[in-house]
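S.K.: Heads up: the sequence shown begins at 7 in our numbering, then just goes up one per residue.
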Amino acid sequence: MKLLILDRDGVINHDSDAYIKSLEEWIPIPGSIEAIAQLSKAGWTVAVATNQSGIARGYYPLETLEAMHARLRALVAEQGGEVGLIVHCPHGPDEGCDCRKPKPGMLRAIAEHYQVPLAGVWFVGDSKGDLEAALAVDAQPVLVKTGKGERTLEKGVPRTTLIFDDLAAIARELI
Numbered sequence: 007m008k009l010l011i012l013d014r015d016g017v018i019n020h021d022s023d024a025y026i027k028s029l030e031e032w033i034p035i036p037g038s039i040e041a042i043a044q045l046s047k048a049g050w051t052v053a054v055a056t057n058q059s060g061i062a063r064g065y066y067p068l069e070t071l072e073a074m075h076a077r078l079r080a081l082v083a084e085q086g087g088e089v090g091l092i093v094h095c096p097h098g099p100d101e102g103c104d105c106r107k108p109k110p111g112m113l114r115a116i117a118e119h120y121q122v123p124l125a126g127v128w129f130v131g132d133s134k135g136d137l138e139a140a141l142a143v144d145a146q147p148v149l150v151k152t153g154k155g156e157r158t159l160e161k162g163v164p165r166t167t168l169i170f171d172d173l174a175a176i177a178r179e180l181i
């Protein structure tokens with residue numbers, strides 16, 4: 007199985023330090039929907055692992071998050087592709103869960119769902135926490151320069167990190 011795991015905010019859609027709290031604020035990064043569809047059509051399973059502490063903070067309900075993910079699925083389907091499993095961490099940073107990145111719980115949940123090892127699987131993110139989660143399970147950390155990616159890159163990234171301009175560039179590389 008060819009599995010690719012993506013962070014959401016800053017990789018698939020625009021991010022905001024004020025959180026993405028509504029369907030109207032969930033705006034795809036140019037080329038990201040097409041990239042996911044192209045990967046899917048080329049035989050890749052594209053899963054998503056996303057921290058969503060805005061739920062714990064009371065900024066938006068689970069129904070809003072589900073509507074955002076339904077929109078993502080619909081947009082990719084319109085391009086002839088499919089989004090695989092989407093997992094989210096609804097917890098705040100101080101709740102001590104094992105799913106909130108940089109902890110690798112969500113990546114492990116995806117691996118368990120698909121019954122595949124994570125060693126070498128690309129996990130694409132835009133933050134230090136994404137890269138650390140990948141390293142914790144021997145996945146390949148991949149940084150995109152969208153979202154918080156440029157800021158992350160300035161602060162230094164693990165030596166083994168692959169770096170791309172955006173999700174479209176990753177799709178071109180893998181296809």
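Cβ atoms here follow ideal geometry from the backbone N, Cα and C, with glycine treated the same way.
What are the start and end residues of the beta strand (DSSP E) that includes Lys-183?
M.R.: What is shown of the chain runs 7 to 181, which leaves residue 183 out entirely.
S.K.: Within 10 Å of its beta-carbon, does Leu-68 have 16 or more other beta-carbons around it, so buried, or fewer, so exposed?
M.R.: Leu-68 is exposed by the Cβ-count criterion.
S.K.: Would you list the residues sitting across from Asp-15 in a DSSP beta bridge?
M.R.: Partner(s): Asn-19.
S.K.: Quick one, which of Cys-103, Asp-15 and Val-130 has its alpha-carbon nearest Val-52's?
M.R.: The shortest C-alpha separation from Val-52 is found at Val-130.
S.K.: Along the chain, where does the alpha helix (DSSP H) containing Gln-146 start, and where does it finish?
M.R.: Run containing Gln-146: none in the alpha helix (DSSP H); it sits in the beta strand (DSSP E), 146-150.
S.K.: So, for Lys-151: in the same chain, excluding its five sequence neighbours on each side, which residues have a beta-carbon less than 6 Å away from its beta-carbon?
M.R.: So the list reads Asp-171, once near-sequence residues are dropped.
S.K.: Is the region 108-119 touching the region 68-79 in the sense that three or more CB pairs, one from each, lie closer than 8 Å?
M.R.: No, they do not touch.
S.K.: Tell me the DSSP bridge mates of Leu-9?
M.R.: According to DSSP, Leu-9 bridges with Thr-51.
S.K.: Any idea what DSSP makes of Ile-4, helix, strand or coil?
M.R.: In the structure displayed, the chain extends from 7 to 181; residue 4 sits before or after that span and is not available.
S.K.: In the DSSP output, which residue or residues are listed as bridge partners for Trp-32?
M.R.: Bridge partners of Trp-32: none, in fact.
S.K.: Can Leu-149 and Leu-159 be called in contact, C-beta distance under 8 Å?
M.R.: Contact: yes.
S.K.: Roughly how far, in whole angstroms, is the beta-carbon of Leu-9 from the beta-carbon of Val-127, given that I think they are within contact range, below 8 Å?
M.R.: Sure, about 5 Å apart at Cβ, within 8 Å.
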